[in-house]
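Please read the structure below before turning to the comments.
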Amino acid sequence: MKSRCAAALVILAGMALACARSPNSPDDHPITDGPAGRTYTNRNLGFQVTIPKPLDLSWGMSIQTLHHTGVLADGTSLSVFIKAPQGRGGFEPILSIDPFPVSQNEKLADLGARAAKDFAQSYGNYRESAHRVIEVAGGPAEQWTFRAQATGQGDRFTVTLLINGKLVYILQGSGIEGYYPTEEYESILKTFKFL
């Protein structure tokens, strides 16, 4: 958790201070079950994500709003956690979604270049295995796959960055050798959309 937060904050700390007023904080829309799977919708921030079927039978979802460490307009922070079932040794891979404000003119390529440099400083024994531009929610996103040492978080990671308006979304999936659910992360990523 510490490394994920440190990486996100290192990437965005300077931008958050310089940007214009960010969108309102998350509203209290519940997590709903429907024909597509288990869905979280946040109309204030304008996004939705689903744990698609049949993953919704074994994967969980939780929402955390922090009031004392916030970066959104009303001083809150939002994290969406999508959790895989526990595996060997009790390890539980997690896909987290964290929105942060950025300036309106921030470009994905610039943010991605800073992120790539920051990963090496934020994660112990960082080793990148892939970096690519993909499409998420109908627009471009930058994605990295790498190995690193992050106590309690695993040693394999997939990080995806995408921008919508004045928010950057950081999606990070974790894993360990023998339990790194990349296909499941990709299926969840395909459901991510802006409202």
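Letter by letter, the sequence shown follows residues -20 to -1, 1 to 175 in mature numbering (1 follows the signal peptide of the UniProt record, and there is no 0). We put the CB at the ideal spot given by N, CA and C, even for glycine. As the structure is a computational prediction, the values presented were derived from the model and not from experiment.
query, result
"Can you list, in chain order, the residues of its chain whose CB lies under 6 Å from that of residue 26, leaving out five sequence neighbours each side?", "174, 175"
"State the Cα-Cα distance for the pair residue 102 and residue 95, rounded to the nearest angstrom.", "10 Å"
"Could you tell me which residues DSSP pairs with residue 10 in its beta bridges?", "Paired residue(s): none; residue 10 is not in a bridge."
"Do residue 127 and residue 159 have their C-beta atoms closer together than 9 Å?", "no"
"Check the C-beta distance from residue 77 over to residue 63 and give it rounded, since I have them as a contact under 8 Å.", "Residue 77 to residue 63, Cβ: 12 Å. No contact."
"Cα separation between residue 145 and residue 87?", "10 Å"
"Compute the Euclidean distance between the alpha carbons of residue 140 and residue 149, then round it to the nearest angstrom.", "8 Å"
"Where does residue 167 sit, in a helix, a strand or coil, going by DSSP?", "helix"
"My understanding is that residue 29 touches residue 172, with C-beta atoms under 8 Å, so please give their C-beta distance in whole angstroms.", "5 Å"
"Starting from residue 96 and walking both ways along the alpha helix (DSSP H), at which residues does that stretch end?", "88 to 102"
"Compute the distance between the beta-carbons of residue 122 and residue 100, then report whether it is under 9 Å.", "no"
"Given that a residue counts as buried once 16 or more other Cβ atoms are within 10 Å of its Cβ, and exposed if not, what is residue 10?", "exposed"
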